[in-house]
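Here is the structure:
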């Protein structure tokens, strides 16, 4: 990863790439406190995310619930810690504002099994296309209960994270969404709203999101059989 | 379960309910031979399915690749074995024709973690509504790549199995599909084509389908931590 070295508004050296870890969720559906601190095979979900990004990006920014920022700043010296916002969208905007990197990669801490090959593919796609998201084929038949009909799943993709953007484009998308009062569950949707193309990077079932207790149980079982995710592909 | 006892065309006593296990797939994407014989925590996927249904239905019919029918007939005396068709739809039609049960429950062997509570809920819903399918909320954001937009996932459900029907209705739906040259990935879709209501029974992530090698890895890890699925809820 080549870092750009011009001076930033804050006077520091700008970095080329930053990983933004959204870990400010309350974990309400999981019911085990803030999701970022849920333990999985000896590490918190936050540590899984930071571990998966370390070595791939120049800087890591994590957003956690406001009341935990101070403690985490002391505990995790290698990352920049910010307080999450009221929504995921606001949380990402805060992280994007906290870095001066040209390229930012947004990842949900609730998807612990991020691999290095996916991170590299996303950074590359963002350099080439300005915006990308990881997306996976949909295995189940999907029913539209409003229309009462099955949707052709060949035209569907499950949107996952990471999503990776030129930071300027991500900031522009967030500003437009805020101005228009739009809330989305992912950042690629906000970029698409601007009429910009978002490239798709092949994800997979290992990038599933931990939402419910059974998801966590699956993840724990899986984590204990699998080598710990890190910078290896 | 109350069995009806009128005589069938074959001269035998009719049974009330039958579990139809679709296990004739080639398992091409998994790459480990016929999927039904893939091992998961000491039992084949076929055994998982049969074990989950035993005690809940009056009869179990399994469809396997044609070349394995004879051996399985000898090995599994408690179930009726039929040869799968060229498509899943044809396979289900053959199983439905091989039983005289009034209510049939169709299940994919590729979804091993079927629990008794779900089986009971499906049988009950089929008695009340004539047709039902298990369906789960969609956790990921779903992108429609043809329209280039996100689909509101609140209106989407991931269709799973079991699906449970009055057998006469299922046969009617299959006959209509065959007459119209329609192929569907699930039987509820065929019933819906007739303009009939299909009730939804709450499924969940544990009913995920094993399609790829990583799905199998997840399932193995999960199976080894979880009590073996059986007739317990």
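Protein chains in written order, with the working numbering: chain G, 1 to 233; chain U, 1 to 233.
Glycine included, each C-beta is placed from N, C-alpha and C at the ideal position.
(message) Quick check on the burial criterion: 16 or more other C-beta atoms within 10 angstroms. Buried or exposed for residue 155 of chain U?
(response) exposed
(message) Quick check on residue 26 of chain G: buried or exposed, where buried means 16 or more other Cβ atoms within 10 Å of its Cβ?
(response) exposed
(message) At the level of alpha carbons, what is the spacing between residue 153 of chain G and residue 145 of chain G?
(response) Straight through space, the alpha carbons of residue 145 of chain G and residue 153 of chain G are spaced by roughly 15 angstroms.
(message) Excluding the 5 residues flanking residue 168 of chain U on each side, which residues of the same chain have their C-beta closer than 6 angstroms to its C-beta?
(response) For residue 168 of chain U, where only same-chain residues beyond five positions count, there are no Cβ hits under 6 angstroms.
(message) For the stretch 99-133 of chain U, list every residue whose C-beta sits within 7 angstroms of some C-beta in chain G, in sequence order.
(response) none
(request) Determine, using beta carbons only, whether residue 89 of chain G and residue 175 of chain G come nearer to each other than 8 angstroms. (result) In this structure, residue 175 of chain G does not lie closer than 8 angstroms to residue 89 of chain G by Cβ.
(message) Mapping the DSSP letters down to three states, classify residue 53 of chain U as helix, strand or coil.
(response) In this structure, residue 53 of chain U counts as helix in the three-state DSSP scheme.
(request) On the DSSP bridge assignment, give the partners of residue 144 of chain G in chain order. (result) G:149, U:156
(message) Is it buried or exposed, residue 185 of chain G, if we count other Cβ atoms within 10 angstroms and call 16 or more buried?
(response) exposed
(message) According to DSSP, simplified to helix, strand and coil, what is residue 208 of chain G?
(response) Note: residue 208 of chain G maps to coil in three-state DSSP.
(message) For chain U, check one thing: does any of its Cβ atoms lie closer than 8 angstroms to the Cβ of residue 186 of chain G?
(response) yes
(message) For the alpha helix (DSSP H) containing residue 19 of chain U, name the first residue and the last one.
(response) Element bounds for residue 19 of chain U: not the alpha helix (DSSP H) but the beta strand (DSSP E), 17-22.
(message) I'd like to know whether the C-beta atoms of residue 182 of chain G and residue 191 of chain G end up nearer to each other than 8 angstroms.
(response) no
(request) Would you list, in sequence order, the uninterrupted alpha helix (DSSP H) runs of no fewer than 4 residues that lie entirely inside the stretch 43-120 of chain G? (result) 45-53, 69-75, 88-97
(message) At the level of alpha carbons, what is the spacing between residue 39 of chain U and residue 79 of chain U?
(response) Straight-line Cα distance between these residues: approximately 19 angstroms.
(request) To the nearest angstrom, report how far apart residue 163 of chain U and residue 59 of chain G are at their CA atoms. (result) One alpha carbon belongs to residue 163 of chain U, the other to residue 59 of chain G, and they sit about 49 angstroms apart.
(message) Taking the alpha carbon of residue 212 of chain U as the reference point, which residue from U:52, U:204, U:29 has its own alpha carbon closest?
(response) U:29
(request) Pull up the distance between the alpha-carbon of residue 48 of chain U and that of residue 37 of chain U, whole angstroms please. (result) For residue 48 of chain U and residue 37 of chain U, the gap between their C-alpha atoms comes out near 10 angstroms.
(request) Give me the Cα-Cα distance between residue 219 of chain G and residue 222 of chain U, rounded to the nearest whole angstrom. (result) 8 angstroms
(request) Tell me, please, whether the CB atom of residue 162 of chain U is closer than 8 angstroms to any CB atom in chain G? (result) no
(request) Using a Cβ-Cβ cut-off of 8 angstroms, state whether residue 319 of chain U counts as contacting chain G. (result) Residue 319 of chain U lies beyond the stretch modelled for chain U, which goes from 1 to 233, so this question has no answer here.
(message) Buried or exposed, going by whether 16 or more other CB atoms sit within 10 Å of the CB of residue 7 of chain U?
(response) Reliability fails at residue 7 of chain U, whose pLDDT of 41 lies under 50, so the model's placement of it is uncertain and no value is given.
(message) Judging by CA-CA distance, which residue of U:76, U:54, U:57, U:42 is the nearest neighbour of residue 64 of chain U?
(response) U:76
(request) Could you check if residue 180 of chain U is buried or exposed, using at least 16 other CB atoms within 10 Å of its CB as the buried criterion? (result) Exposed, since its Cβ has fewer than 16 Cβ neighbours within 10 Å.
(request) Could you give the DSSP three-state label for residue 161 of chain G: helix, strand or coil? (result) strand
(message) DSSP three-state label for residue 173 of chain U, please.
(response) helix
(request) Under the assumption that residue 157 of chain U contacts residue 200 of chain U (Cβ atoms under 8 angstroms), give the Cβ distance between them as a whole number of angstroms. (result) Right, their Cβ atoms sit about 7 angstroms apart.
(request) State the DSSP-derived secondary structure class of residue 178 of chain U, mapped to helix, strand or coil. (result) Three-state result, residue 178 of chain U: helix.
(request) Taking C-beta pairs closer than 9 angstroms, name the residues in chain G that residue 138 of chain U reaches, listed in chain order. (result) 138, 140, 142, 158
(request) Specify, as a first and last residue, the run of the alpha helix (DSSP H) that residue 38 of chain U falls within. (result) Following the DSSP letters along the chain, one finds residue 38 of chain U in no alpha helix (DSSP H), marked with neither H nor E.
(message) Assuming contact is defined by CB atoms lying nearer than 8 angstroms, are residue 81 of chain U and residue 92 of chain U in contact in what I supplied?
(response) No, these two residues do not count as a Cβ contact at 8 angstroms.
(message) Going by DSSP, what residue range makes up the alpha helix (DSSP H) through residue 194 of chain G?
(response) Here residue 194 of chain G belongs to no alpha helix (DSSP H), and DSSP marks it neither H nor E.
(request) Indicate the three-state DSSP secondary structure (helix, strand or coil) for residue 199 of chain G in the structure shown. (result) Three-state DSSP puts residue 199 of chain G in a strand.
(request) Assuming residue 134 of chain G and residue 161 of chain G form a contact by the criterion Cβ under 8 angstroms, report the distance between their Cβ atoms to the nearest whole angstrom. (result) 6 angstroms
(message) So, for residue 35 of chain U: in the same chain, excluding its five sequence neighbours on each side, which residues have a beta-carbon less than 8 angstroms away from its beta-carbon?
(response) Within the same chain, residue 35 of chain U has close Cβ partners 23, 25, 26, 27, 45, 109, 110, 210.
(message) Helix, strand or coil, according to DSSP, for residue 223 of chain U in the structure here?
(response) helix
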